[in-house]
Amino acid sequence: MPPGAQPEMQAETQQLLQRFYDYLQSERAYSAHTVAAYRRDIRHFITCYAGAEDADHEVAIDWQTVTQADIRRCVAQLHRQGLSGKSLQRWLSSLRHLFNYLCRHHGLARNPAVGVPAPKAVRRLPKTLNVDEINQLLRLRNGAESKRGGTLQQRDNAMLELIYGCGLRLSELSSLNLDDVDWQEKVITVTGKGRKQRRLPFGGKAEQALKQWLKQRALQADENETAVFVSSRGSRISNSSIQKRLKQTALRQGLNTHVYPHMLRHSFASHILESSSDLRAVQELLGHANLSTTQIYTHLDFQHLASVYDNAHPRARQKK
1 MPPGAQPEMQ AETQQLLQRF YDYLQSERAY SAHTVAAYRR DIRHFITCYA GAEDADHEVA
61 IDWQTVTQAD IRRCVAQLHR QGLSGKSLQR WLSSLRHLFN YLCRHHGLAR NPAVGVPAPK
121 AVRRLPKTLN VDEINQLLRL RNGAESKRGG TLQQRDNAML ELIYGCGLRL SELSSLNLDD
181 VDWQEKVITV TGKGRKQRRL PFGGKAEQAL KQWLKQRALQ ADENETAVFV SSRGSRISNS
241 SIQKRLKQTA LRQGLNTHVY PHMLRHSFAS HILESSSDLR AVQELLGHAN LSTTQIYTHL
301 DFQHLASVYD NAHPRARQKK
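Under this note's numbering, residues 1 to 320 are what the sequence shown spells out, in order.
Next up, the structure:
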């Protein structure tokens with residue numbers, strides 16, 4: 001390799017990777033959080049492949065020379081280091097996307113990540129609240145609170161009613177704008193993963209809670225703020241604030257479990273599926289691209305049926 005070629009190749013490697021990350025964000029409409037996950041996954045690969053300490057600045061890679069055996073070796077190494085099967089599946093998915101991009105835009109001959117298996121991941125069922133716990137969480141308490149505390153409670157109640165009532169992701173709730181609410185049809189338009197939009201109906205409880213909050217919001221929000229839910233400072237509420245407020249509400253309402261926004265989304269899906277058995281409808285409501293993602297809730301439904309059987313069937317109960 002001629003003098004100076006190594007630094008040039010290092011710079012070219014970093015520029016190519018940056019173009020890939022820009023492509024994910026601009027053309028694929030991936031969130032900053034998702035792109036950051038891709039960066040970590042690819043950094044893991046480069047560190048493993050090149051044996052480098054600083055994969056961001058000191059490595060030059062000839063992508064044409066990367067083989068399937070190299071990727072298998074890295075999978076085995078990361079697995080030995082304690083990376084779970086689920087994390088390795090995501091890691092391989094990131095690599096496949098990178099090499100697909102290189103094949104399509106930079107003349108790479110093949111994708112070496114295709115066909116490389118990841119260790120099987122233990123599929124954990126999502127945690128949910130039952131209907132009684134949901135009612136306990138959403139039951140308003142009329143305490144002797146300050147005017148400001150009462151305002152925040154109304155906001156929190158409206159947020160929880162919408163998360164559970166519509167099966168929203170956390171980012172879908174925080175990014176909701178005033179013009180996303182159609183009061184006539186009682187639907188909201190949310191922007192999900194990949195900036196895909198979907199329209200979701202909301203029920204009477206959510207409507208009532210939302211209208212009560214909007215009366216207070218008019219006194220609290222900044223003049224040009226478009227967000228439905230704002231903080232005490234008047235600007236759009238952050239994801240971390242929503243998580244914190246939900247946790248506090250659950251403790252105040254006497255729930256002895258850690259409650260987080262995605263648990264309410266899981267509960268929404270489980271309860272709808274349990275009542276309707278319409279998997280396709282649940283898929284549409286959740287905004288899942290693949291039905292296989294939604295099918296995890298069928299396991300929850302079966303788990304519920306098995307529990308009912310064990311408690312009710314005379315041949316299932318053991319004599320005390």
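We put the CB at the ideal spot given by N, CA and C, even for glycine.
Predicted model only: the values in this text are computed from it and were never measured.
- Residue range 32-50 is occupied by the alpha helix (DSSP H) that includes V35.
- Comparing alpha-carbon positions, the option among R155, N130, L83, R198 lying closest to R40 turns out to be L83.
- Following the DSSP letters along the chain, one finds P201 inside the beta strand (DSSP E) bounded by residues 197-201.
- Where T226 is concerned, there is no enclosing beta strand (DSSP E), because DSSP gives it neither an H nor an E.
- Taking C-beta atoms under 8 Å as the contact rule, R169 and R245 fail to qualify, at a distance of about 16 Å.
- For I188, DSSP records a beta bridge to V181, L200.
- The residues G85, in chain order, have a CB closer than 8 Å to that of K120 in the same chain once the five nearest residues on each side in sequence are set aside.
- Three or more beta-carbon pairs drawn from the stretch 232-239 and the stretch 164-184 are found closer than 8 Å, and the two stretches are therefore classed as touching.
- For N100, the enclosing alpha helix (DSSP H) starts and ends at 85-105.
- By the CB criterion at 7 Å, A113 and I71 fall inside the cutoff.
- With 16 or more other Cβ atoms from the protein chains shown falling within 10 Å of its own Cβ, Q216 counts as buried.
- Under DSSP, no beta-bridge partner is assigned to R124.
- L102 is the residue among W91, L102, L200 whose C-alpha sits nearest the C-alpha of I61.
- Annotation: M263 to R43 spans about 31 Å, alpha carbon to alpha carbon.
- Counting every other CB atom within 10 Å of its CB across the protein chains shown gives L291 a total below 16, marking it as exposed.
- Burial state of H97 is buried, judged by a 10 Å Cβ sphere holding 16 or more other Cβ atoms.
- In this structure, G165 sits near G203, with a CB-CB distance shorter than 7 Å.
- Shown here, R245 sits in a helix according to DSSP, grouped into three states.
- The beta-carbon distance between L279 and T294, rounded to whole angstroms, is 6 Å. This is short enough to meet the 8 Å contact definition.
- R233 sits in coil when the DSSP states are folded into three classes, being neither helix nor strand.
- In summary, G115 is exposed, with fewer than 16 beta-carbon neighbours lying within 10 Å of its beta-carbon over all protein chains present.
- Boundaries of the alpha helix (DSSP H) harbouring I272: 261-276, taken from the DSSP string.
- In terms of CA proximity to Q15, V59 leads the group A50, A29, V59.
- Straight-line measurement puts the Cα of L219 at about 13 Å from the Cα of F229.
- For V66, the three-state secondary structure derived from DSSP is coil.
- With a threshold of 16 other beta carbon atoms within 10 Å, W183 falls short and is exposed.
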